[in-house]
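In full-length UniProt numbering, the protein residues as written are 1 to 168.
Where is the CB? At the ideal position from N, CA and C, for every residue including glycine.
Bear in mind the structure is a predicted one, so any value in this text is a computation, not a measurement.
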Amino acid sequence: MRCPFCGNDDTQVKDSRPHEDGAAIRRRRICGSCGQRFTTIERVQLRDLVVVKADGRRVPFERDKMARSVRIALRKRPVEADRIERIVNGLVRHLEATGETDIPSRDIGRLIMETLREIDSVAYIRFASVHWDFRETKDFADILDTISASVSGEEGEDFPPSGSRDKD
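The structure is reproduced here in structure tokens:
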């Protein structure tokens, strides 16, 4: 592992511990050259996932980007940080378990939204407003009507709202 301070390739592991309920390993390292200490996290990766954007571009899947989006949606909501990590781990495992390496960005967004809808409706709306690129307040009203209809057992209208579009 390369030292983030001096770039030296000679680093030593001083301590290893399970992390994220055993889904990862946290390693404390020390650089043999500059003596600086740093931490790395090691996770199992079943396959290299590629995100296919709406415009056809293909980019490597970034777990951290997904985690950041979920954390932003759940900011100031009653969900603990360790639960957010478990949610992200579950989402990544689900994507890896599909057997596909090329995953459309809209499918990733929908998977996140399905998960957030079960956990917290405010986080769901926050994420949906970015994913579907809400342009006007009517889009928010439409999604609120759909949530209200699903709570009362009625059929809501399909989403995304007609004026919005999937955003990469």
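Worksheet item: Should L144 go down as buried or exposed, given a rule of 16 or more other Cβ atoms within 10 Å for buried?
Response: With fewer than 16 neighbouring CB atoms inside 10 Å of its own CB, L144 falls in the exposed class.
Fill in: Cα-Cα separation between E114 and L91, rounded to whole angstroms
The straight-line gap from Cα to Cα measures roughly 10 Å.
Discussion item. Taking the straight line between their C-alpha atoms, what separation do you get for A141 and R75?
Written reply: The alpha-carbon of A141 is positioned some 21 Å away from that of R75.
Fill in: For S16, the first and last residue of its enclosing beta strand (DSSP E)
S16 -> beta strand (DSSP E) spans 11-19.
Practice prompt. Report the option in S33, R27, K14 whose CA atom is closest to the CA atom of C3.
Written response: Minimum Cα-Cα distance from C3 among the listed residues S33, R27, K14 corresponds to S33.
Worksheet entry | Same chain, Cβ closer than 8 Å to V122, five either side skipped, listed in chain order | Only R77 meet the Cβ criterion.
Worksheet item: Taking DSSP as the reference, what is the three-state secondary structure of T137?
Response: DSSP places T137 within a helical segment (H, G or I) once states are collapsed to three.
Worksheet item: When you compare each of E80, V70, R47 to E100 by their alpha carbons, which one comes out closest?
Response: Checked all of E80, V70, R47; the closest Cα to E100 is R47.
Item to complete: Whole angstroms is fine: what's the gap from R37's alpha carbon to T137's?
Response: Here the C-alpha atom of R37 lies approximately 49 Å from the C-alpha atom of T137.
Worksheet item: Does the beta-carbon of D139 have 16 or more other beta-carbons within 10 angstroms, so that it is buried, or is it exposed?
Response: When all chains shown are included, D139 counts as buried.
Practice prompt. Leaving aside the five residues before and after V50 along the sequence, list all residues of the same chain whose C-beta is less than 8 Å from its C-beta, in chain order.
Written response: The answer, listed in chain order, is R58, V59, P60, F61, T101, D102, I103.
Worksheet entry | Cβ-based neighbour list, R43, same chain, cut-off 6 Å, excluding 5 preceding and 5 following | Within the same chain, R43 has close Cβ partners A24.
Item to complete: Please state whether DSSP places T98 in a helix, a strand or coil.
Response: Per DSSP, reduced to three states, the secondary structure at T98 is coil, with no helix or strand assignment.
Fill in: Distance, M66 Cα to residue 177 Cα
Any answer about residue 177 is impossible in this case: the structure gives the chain only from 1 up to 168.
Worksheet entry | Reference M1; option with closest CA among R117, R28, H19, P18 | Just measuring C-alpha positions, the residue of R117, R28, H19, P18 sitting nearest M1 is R28.
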